[in-house]
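Structure first, commentary second.
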Amino acid sequence: MTTTAIPETRKRQKLVTNYGHPEMPITETVKNGFFVIDSKWTVTFWNKTSEELLGVKAKDIVGKNILEKLAGFLPINFYAVYHKAFLQDTPVHFQEYWAEMGSWFDVTTYHHGDTLSVSFKSSNHPSQLSSAEQQLKTINELYKYVTEVTNDCLWEWDLQNKEIFWIDGGHKRMFGYPIENILLPQTFWESCLHPDDKERVITGLNKIINEATECKWQEEYRFKKADGEYAYVHDKGHIIYEGDIPARMIGATQDISYRKQLEDKVSQERLAREREITDAVITAQENERAAIGRELHENVNQLLSIAKMYIQMAQRGEKNVQPYLADSTAILQNAIEEIRKISQHLIVPDNHVVSLFDSISNLIVHLKKVYPIKIEFLTGGIDDNKLDKKIQVTIFRIVQEQTNNILKHSNARKASIEIQRYNDDLILDISDNGKGFDSSKKTKGVGLRNITSRSELCNGKVEIISTPGKGFQLRVILPFPPVD
Numbered sequence: 261m262t263t264t265a266i267p268e269t270r271k272r273q274k275l276v277t278n279y280g281h282p283e284m285p286i287t288e289t290v291k292n293g294f295f296v297i298d299s300k301w302t303v304t305f306w307n308k309t310s311e312e313l314l315g316v317k318a319k320d321i322v323g324k325n326i327l328e329k330l331a332g333f334l335p336i337n338f339y340a341v342y343h344k345a346f347l348q349d350t351p352v353h354f355q356e357y358w359a360e361m362g363s364w365f366d367v368t369t370y371h372h373g374d375t376l377s378v379s380f381k382s383s384n385h386p387s388q389l390s391s392a393e394q395q396l397k398t399i400n401e402l403y404k405y406v407t408e409v410t411n412d413c414l415w416e417w418d419l420q421n422k423e424i425f426w427i428d429g430g431h432k433r434m435f436g437y438p439i440e441n442i443l444l445p446q447t448f449w450e451s452c453l454h455p456d457d458k459e460r461v462i463t464g465l466n467k468i469i470n471e472a473t474e475c476k477w478q479e480e481y482r483f484k485k486a487d488g489e490y491a492y493v494h495d496k497g498h499i500i501y502e503g504d505i506p507a508r509m510i511g512a513t514q515d516i517s518y519r520k521q522l523e524d525k526v527s528q529e530r531l532a533r534e535r536e537i538t539d540a541v542i543t544a545q546e547n548e549r550a551a552i553g554r555e556l557h558e559n560v561n562q563l564l565s566i567a568k569m570y571i572q573m574a575q576r577g578e579k580n581v582q583p584y585l586a587d588s589t590a591i592l593q594n595a596i597e598e599i600r601k602i603s604q605h606l607i608v609p610d611n612h613v614v615s616l617f618d619s620i621s622n623l624i625v626h627l628k629k630v631y632p633i634k635i636e637f638l639t640g641g642i643d644d645n646k647l648d649k650k651i652q653v654t655i656f657r658i659v660q661e662q663t664n665n666i667l668k669h670s671n672a673r674k675a676s677i678e679i680q681r682y683n684d685d686l687i688l689d690i691s692d693n694g695k696g697f698d699s700s701k702k703t704k705g706v707g708l709r710n711i712t713s714r715s716e717l718c719n720g721k722v723e724i725i726s727t728p729g730k731g732f733q734l735r736v737i738l739p740f741p742p743v744d
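So this note's numbering is basically just the index in the sequence shown, starting at one, shifted up by 260.
The following block contains the structure:
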């Protein structure tokens, strides 16, 4: 004889169902009467609480016409009230008095297709309960307390009959539907799904049910509230199997609209920041191109024009052409030097030929030849060969950008560049003794915006310390990277 092992997850699932009532649907544990009638007033379902409240056994009324079976017992306006409920597409809540029983009933109905689901409870229901009834009452209260404490909407889903039982008012409190403890057709839930989410959610659910291999289902989607607005929800449930067939699912729906709003806000802020970074980069590129254009037009172009004029004068056959040719050669050499300067500004030195620190030192040498400023360069605790290429390019461009800002705007006589490692961070400090500015009032210019953008692309951040008349300090903090 062979045996087939039952997956442990399914064993546990069955054991915990309804707290000791593994085969009992939730419609039998809540202390609400519940019955279903069709368009011909024939009763198709009648739970045990309905038996207790109305004194009619299910076996005596299921399949019978309720108007005929309970004639003389039902309220006079029963037909009119419930016929009107048949015409409603949304759940209806009302109270009615049954004179024959001397009781008021709190009633919720929901019409779908050719059936009407009715959930009711009596204010005169006897309070003396048996131990079994007390246990069911405790379970029902537990469901209610859970919904109140967690703000979850509890439900049980009959997967085979495609019906959902909404438990103890969670959906009423969260989504505004005036119903609790009532069985609803799955199609009502489907009708509340946002059109953009509907196909995805239903397809995913059907896949899990048809494959019958999972014990859990969860999904996020938009759910229509009673006022027509949509809420973002997170739905999750545990599937209960009967044999190998997924029979029921018990779970909870949580309103996550606030979380989604925060996520959308963060996403929008991130997109805005990315647009700002892109704008800063593009602006910097355009300014750089404009500066190169001016340099070529106002300087190099003028030098080449003069050299051309001297060569033309020599070509006319003047007796003493050597001075013209010598001047032309000197001017052309000057133009070549100017073009080399532009190239050095545009091209980052090859890391395999010149190291980052050497490149910065060379930049300082060239600047000191042209500008009357003393620039000090210090390093500590870093081997630039252990910096990846992206970080090296970022650091070099920031140094270029900030030294350019110092030369243009600060009127400084001294400046310093320091690169050091502190724990897992690389710290780049560039400071000067120039005129400074009030950093709390003045907005960042294109140069500083470009520096900030470059550092953020490497997950870094920028700090600025400046006071009018007391110089300027730029600090860039980058995560210390592995070797490229």
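Glycine included, C-beta positions come from ideal geometry on N, C-alpha and C.
#1: Would you say alanine 472 and isoleucine 505 are within 8 angstroms of each other, going by their C-beta atoms?
#2: Check each candidate in Lys721, Ile658, Ser691, Phe305 and name the one with the smallest Cα separation from isoleucine 326.
#3: Please classify alanine 551: is it buried, with 16 or more other beta-carbons within 10 angstroms of its beta-carbon, or exposed?
#4: Tell me whether threonine 447 is buried or exposed, calling it buried when 16 or more other Cβ atoms sit within 10 Å of its Cβ.
#5: Could you give the DSSP three-state label for aspartate 320: helix, strand or coil?
#6: Using a Cβ-Cβ cutoff of less than 8 angstroms, which residues in the same chain neighbour threonine 398 once the five nearest sequence positions on both sides are dropped?
#7: By alpha-carbon positions, which one of Cys475, Trp301, Lys695, Ile690 ends up nearest to alanine 340?
#8: Reducing DSSP to helix, strand and coil, say where leucine 688 ends up.
#9: Using 8 angstroms as the threshold, is the C-beta distance between isoleucine 724 and serine 691 below it?
#10: Quick check on arginine 735: does DSSP put it in helix, strand or coil?
#11: Note down the Cα distance separating serine 726 from glycine 696, rounded to an integer number of angstroms.
#12: Mapping the DSSP letters down to three states, classify leucine 402 as helix, strand or coil.
#13: Which complete beta strand (DSSP E) runs does the region 489–566 hold, if anything under 3 residues is left out?
#14: Have a look at Ser713, Phe295, Ser299 and flag the residue whose alpha-carbon is nearest the alpha-carbon of valine 316.
#15: Taking C-beta to C-beta, are serine 676 and glycine 694 nearer than 8 angstroms?
#16: Taking only the alpha-carbon atoms, compute the straight-line gap between threonine 712 and asparagine 547 and give it to the nearest angstrom.
#17: Measuring only the C-alpha atoms, how far is histidine 454 from glycine 464?
#18: Give the straight-line distance between the Cα atoms of glutamine 514 and leucine 522, rounded to the nearest whole angstrom.
#19: Measure how close the beta-carbons of tyrosine 370 and leucine 313 come, nearest whole angstrom, since I'm counting them as under 8 angstroms.
#20: Between which two residues does the alpha helix (DSSP H) carrying glycine 430 extend?
#21: Evaluate alanine 331 with the Cβ neighbour count: other Cβ atoms within 10 Å of its Cβ, from every protein chain shown; 16 or more gives buried, anything less gives exposed.
#22: Using C-beta distances below 8 angstroms, list every residue in its chain close to alanine 595, excluding the 5 sequence neighbours before and after it, in chain order.
#23: Which value, in whole angstroms, describes the spacing of the CA atoms of tyrosine 481 and isoleucine 655?
#24: Using DSSP with H/G/I as helix, E/B as strand and the rest coil, what is phenylalanine 333?
#25: I'd like to know whether the C-beta atoms of asparagine 710 and alanine 540 end up nearer to each other than 8 angstroms.
#26: So which of Val322, Lys485, Tyr492 has the shortest CA-CA distance to lysine 308?
#27: Would you grab the beta carbon distance between tryptophan 477 and glycine 503 for me? Rounded to a whole angstrom, and I think it's under 8 angstroms.
#28: Tell me whether the region 648–667 and the region 712–721 touch, counting them as touching only if at least three CB pairs, one residue from each stretch, are closer than 8 angstroms.
#29: With burial defined as no fewer than 16 other Cβ atoms inside 10 Å of the residue's Cβ, what is the status of glutamate 661: buried or exposed?
#30: May I ask you to report which of helix, strand or coil DSSP gives phenylalanine 617?
#31: What are the boundary residues of the beta strand (DSSP E) that glutamine 478 is part of?
#32: Between the Cα of isoleucine 500 and those of Glu474, Tyr490, Gly488, Glu636, spot the shortest distance and give me the residue it belongs to.
#33: Considering only residues of the same chain and omitting the five flanking positions on each side of leucine 402, which have a CB-CB separation below 7 angstroms?
#34: Do alanine 486 and phenylalanine 435 have their beta-carbon atoms positioned less than 8 angstroms apart in this structure?
#35: To the nearest angstrom, how far is it from the Cα of alanine 544 to the Cα of glycine 705?
#36: May I ask which residues mark the beginning and end of the alpha helix (DSSP H) holding glutamate 440?
Inspection of the coordinates gives the following:
#1: The sequence position of residue 472 within the sequence shown is 212, counting from 1. The sequence position of residue 505 within the sequence shown is 245, counting from 1. Yes, the pair counts as a contact, with Cβ atoms nearer than the cut-off.
#2: Locating residue 326 in the sequence shown gives position 66, counting from the first residue. Nearest option by C-alpha distance: Phe305.
#3: The sequence position of residue 551 within the sequence shown is 291, counting from 1. The residue in question, alanine 551, is exposed, as its Cβ has fewer than 16 Cβ neighbours within 10 Å.
#4: On the sequence shown, residue 447 is found 187 positions in, with the first residue counted as 1. The C-beta of threonine 447 has fewer than 16 other C-beta atoms within 10 Å across all chains shown, which makes the residue exposed.
#5: For the purposes of this step, residue 320 is identified with residue 60 of the sequence shown, where counting begins at 1. Looking at aspartate 320 - three-state DSSP - the assignment turns out to be helix.
#6: Residue mapping note: residue 398 aligns to position 138 of the sequence shown, counting from 1. With a pLDDT of only 45 at threonine 398, under the threshold of 50, the placement of this residue in the model should not be trusted; the figure read from the coordinates follows. Excluding sequence neighbours, threonine 398 sits near nothing in its chain.
#7: For the purposes of this step, residue 340 is identified with residue 80 of the sequence shown, where counting begins at 1. When the alpha-carbon of alanine 340 is set against those of Cys475, Trp301, Lys695, Ile690, the nearest one is in Trp301.
#8: Along the sequence shown, read from residue 1 onward, the residue named residue 688 stands at position 428. Assigned with DSSP and collapsed to three states, leucine 688 falls in strand.
#9: Looking up residue 724 in the sequence shown gives position 464. Looking up residue 691 in the sequence shown gives position 431. Result no, Cβ atoms of isoleucine 724 and serine 691 do not sit closer than 8 angstroms.
#10: For the purposes of this step, residue 735 is taken as residue 475 along the sequence shown, with counting starting at 1. Residue state, collapsed to three classes: strand.
#11: Taking the sequence shown and counting its residues from 1, the one referred to as residue 726 is at position 466. Taking the sequence shown and counting its residues from 1, the one referred to as residue 696 is at position 436. Going by the C-alpha atoms only, they are around 6 angstroms apart.
#12: One-based indexing of the sequence shown puts residue 402 at position 142. Note that leucine 402 scores a pLDDT of 45, beneath 50, so its modelled location is shaky and nothing firm can be said.
#13: Contiguous beta strand (DSSP E) elements confined to the region 489–566 occur at 490–502, 505–515, taking only those with 3 or more residues.
#14: Here residue 316 is taken as the residue at index 56 of the sequence shown, counted from 1. Comparing C-alpha distances from valine 316 to each of Ser713, Phe295, Ser299 shows the shortest one belongs to Phe295.
#15: In the sequence shown, the residue the question calls residue 676 occupies position 416. In the sequence shown, the residue the question calls residue 694 occupies position 434. Contact flag unset, no.
#16: The sequence position of residue 712 within the sequence shown is 452, counting from 1. The sequence position of residue 547 within the sequence shown is 287, counting from 1. Their backbone Cα atoms lie some 17 angstroms apart in a straight line.
#17: Along the sequence shown, read from residue 1 onward, the residue named residue 454 stands at position 194. Along the sequence shown, read from residue 1 onward, the residue named residue 464 stands at position 204. Cα to Cα, the separation comes out at about 15 angstroms.
#18: For the purposes of this step, residue 514 is taken as residue 254 along the sequence shown, with counting starting at 1. For the purposes of this step, residue 522 is taken as residue 262 along the sequence shown, with counting starting at 1. Rounded to whole angstroms, the separation of the alpha carbons of leucine 522 and glutamine 514 is 16 angstroms.
#19: Against the sequence shown, residue 370 aligns to sequence position 110. Against the sequence shown, residue 313 aligns to sequence position 53. In this structure tyrosine 370 does not touch leucine 313 by the C-beta definition: roughly 19 angstroms separates them, more than the 8 angstroms allowed.
#20: For the purposes of this step, residue 430 is taken as residue 170 along the sequence shown, with counting starting at 1. Here the alpha helix (DSSP H) through glycine 430 covers 430–435.
#21: As a first step, residue 331 must be located in the sequence shown, where it is residue number 71. Only exposed fits alanine 331, as fewer than 16 other CB atoms lie within 10 angstroms of its CB.
#22: Residue 595 sits at position 335 when you count from the first residue of the sequence shown. For alanine 595, where only same-chain residues beyond five positions count, the Cβ hits under 8 angstroms are Val560, Leu563, Leu564, Ala567.
#23: To locate residue 481, count along the sequence shown from 1; it is residue 221. To locate residue 655, count along the sequence shown from 1; it is residue 395. Between tyrosine 481 and isoleucine 655, the C-alpha separation is close to 45 angstroms.
#24: On the sequence shown, position 73 is the one that residue 333 refers to. Correct three-state label for phenylalanine 333: coil.
#25: Residue mapping note: residue 710 aligns to position 450 of the sequence shown, counting from 1. Residue mapping note: residue 540 aligns to position 280 of the sequence shown, counting from 1. Yes, the Cβ-Cβ distance between asparagine 710 and alanine 540 is below 8 angstroms.
#26: Residue numbering aside, residue 308 sits at position 48 when the sequence shown is read from its first letter. Answer by Cα proximity: Val322.
#27: To locate residue 477, count along the sequence shown from 1; it is residue 217. To locate residue 503, count along the sequence shown from 1; it is residue 243. Incorrect: roughly 19 angstroms between the Cβ atoms, too far for contact.
#28: Judged by Cβ distances under 8 angstroms, the region 648–667 makes contact with the region 712–721, as three or more pairs qualify.
#29: Residue 661 sits at position 401 when you count from the first residue of the sequence shown. Answer is buried; the Cβ neighbour count reaches 16.
#30: Mapped onto the sequence shown, residue 617 falls at position 357. Look at phenylalanine 617 here: in three-state DSSP terms it is helix.
#31: The count along the sequence shown starts at 1 and reaches residue 478 at position 218. It spans 476–484 - the beta strand (DSSP E) in which glutamine 478 sits, taken as one unbroken run.
#32: Within the sequence shown, numbered from 1, the residue matching residue 500 stands at position 240. Closest by alpha carbon: Glu474.
#33: The residue given as residue 402 occupies position 142 in the sequence shown. Per-residue confidence for leucine 402 stands at a pLDDT of 45, beneath the threshold of 50, marking its modelled position as unreliable; the derived number appears in the next sentence. Setting aside the 5 residues that flank it on each side, leucine 402 has no residue in the same chain whose C-beta is closer than 7 angstroms to its C-beta.
#34: Against the sequence shown, residue 435 aligns to sequence position 175. Against the sequence shown, residue 486 aligns to sequence position 226. Their beta carbons are under 8 angstroms apart, which means phenylalanine 435 touches alanine 486 by this criterion.
#35: Taking the first residue of the sequence shown as position 1, residue 544 is located at position 284. Taking the first residue of the sequence shown as position 1, residue 705 is located at position 445. So the two alpha carbons sit approximately 10 angstroms from each other.
#36: As a position in the sequence shown, residue 440 is number 180, starting the count at 1. Segment: none, glutamate 440 is in no alpha helix (DSSP H) and carries neither H nor E.
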